[in-house]
Amino acid sequence: METSINIPETKSKSNGKALAVGVQQPNRGVKKGIAIGDFILRLCAMAATMGAAITVGLADQSLPFFTQFLRFQAQYDDIPSLVFFMIANSIVTAYLVLSLPFSVICIVRPLATTPRLLLVIFDAAAAGLTIAAASASASIIYLAHNGNPNTNWLPFCQQYGDFCQAVSGSVVGSLIAGTLLLFILILSAFALKRS
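Residues 10 to 204 (this note's numbering) make up the sequence shown, in order.
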């Protein structure tokens with residue numbers, strides 16, 4: 010003997026949208042918090058790269074040689090790695106300024122993945138450029154401070170102390186900016202993973 014129970018169909022009020030059981034919507038609050046943190050870190054990195062580029066561009070020191078009319082001068086454009094350093098930090102600063110609207114889009118629309126993915130790609134390039142420029146300049150600054158007795162290179166910074174201090178500070182600022190860009194990459198990757 011078979012028994013059947015007839016259950017009438019009920020219409021859902023979801024306007025044709027299927028509701029999946031067990032699927033959770035991503036947490037908008039967490040993504041918005043990550044986007045706000047990204048924006049703040051982006052502003053800090055922009056300030057660090059801008060400060061590094063301006064400091065190295067203005068680093069200049071003159072020393073008299075025998076007379077007042079004959080002088081030795083140290084400028085950033087005398088050292089090619091410092092020229093690369095200033096150009097790279099200027100490029101990264103310009104990129105960070107241009108990336109701010111995309112970061113704002115990520116705050117307003119925290120579930121949007123396209124602007125965040127675009128930022129991840131360019132943030133990786135900016136981090137690489139910043140760290141490469143800072144590393145190249147750090148090696149030259151190390152030689153300027155300590156010299157190399159094996160090749161008879163004398164320490165440059167004994168005479169040009171102000172110039173070396175300004176350039177050393179800008180290299181530290183650029184390394185801080187590179188670290189901030191790496192944190193931005195980690196935050197963005199975490200936000201994309203939670204999509």
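For glycine and all other residues, C-beta sits at the position ideal for the given N, C-alpha and C. Since the model is a prediction, treat every value here as computed from it, not as a measurement.
Let's test the definition: count the other Cβ atoms within 10 Å of the Cβ of residue i and tell me whether it reaches 16, buried, or not, exposed.
| i | result |
| --- | --- |
| Pro-218 | Absent from the structure is residue 218, since the part of the chain shown begins at 10 and ends at 204. |
| Asp-86 | exposed |
| Ala-200 | buried |
| Thr-139 | buried |
Do you know how far the Cα of residue j is from the Cα of residue i?
| i | j | result |
| --- | --- | --- |
| Leu-196 | Gly-60 | 24 Å |
| Val-129 | Gly-170 | 39 Å |
| Thr-64 | Thr-102 | 14 Å |
| Ala-134 | Ala-198 | 15 Å |
| Gly-178 | Phe-48 | 25 Å |
| Gly-46 | Pro-124 | 16 Å |
| Arg-37 | Leu-184 | 32 Å |
| Gln-174 | Tyr-151 | 12 Å |
| Pro-110 | Gly-66 | 28 Å |
Confirm, please, whether the CB-CB distance from residue j to residue i is below 8 Å.
| i | j | result |
| --- | --- | --- |
| Ala-68 | Val-180 | no |
| Arg-56 | Phe-93 | In the sequence under discussion, the amino acid at residue 56 is Ala, which differs from the Arg named in the question. Their beta carbons are not under 8 Å apart, which means Ala-56 does not touch Phe-93 by this criterion. |
| Pro-119 | Lys-202 | no |
| Phe-172 | Ala-97 | no |
| Leu-261 | Ala-54 | For the chain, the structure presents residues 10 to 204; residue 261 sits outside this window and is missing. |
| Ala-147 | Cys-166 | no |
| Ser-112 | Arg-51 | yes |
With a CB to CB cut of under 6 Å and the five nearest residues on each side skipped, what residues in its chain are close to residue i?
| i | result |
| --- | --- |
| Ala-44 | Cys-115, Ile-116, Pro-119 |
| Gly-156 | Trp-162, Leu-163, Pro-164 |
| Val-30 | Reliability fails at Val-30, whose pLDDT of 45 lies under 50, so the model's placement of it is uncertain and no value is given. |
Quick one: residues in its chain with C-beta nearer than 7 Å to the C-beta of residue i, no 5 flanking neighbours on either side, listed in chain order?
| i | result |
| --- | --- |
| Ala-136 | Gly-187, Leu-190, Leu-191, Leu-194 |
| Val-32 | Annotation note: pLDDT 45 at Val-32 (below 50); position unreliable, no value reported. |
Based on the DSSP secondary-structure assignment, which residues constitute the bridge partners of residue i?
| i | result |
| --- | --- |
| Asn-159 | Partner(s): none; Asn-159 has no beta bridge. |
| Ala-141 | None, per the DSSP bridge assignment. |
Closer than 8 Å by C-beta to residue i: which residues in its own chain qualify, once you throw out the five before and the five after it? Chain order, please.
| i | result |
| --- | --- |
| Ala-145 | Ser-90, Phe-93, Phe-94 |
| Gly-182 | Ala-57, Thr-58, Gly-60, Ala-61, Thr-64 |
| Asn-161 | none |
| Asp-132 | Ser-108, Leu-190, Ile-193, Leu-194, Ser-197 |
| Gly-42 | none |
| Ile-149 | Ile-88, Ser-90, Leu-91 |
Is there at least one non-hydrogen atom of the ligand ZN closer than 7 Å to the beta-carbon of residue i?
| i | result |
| --- | --- |
| Asp-87 | Among the components of this structure there are no ligands whatsoever, and the ligand ZN is therefore not found. |
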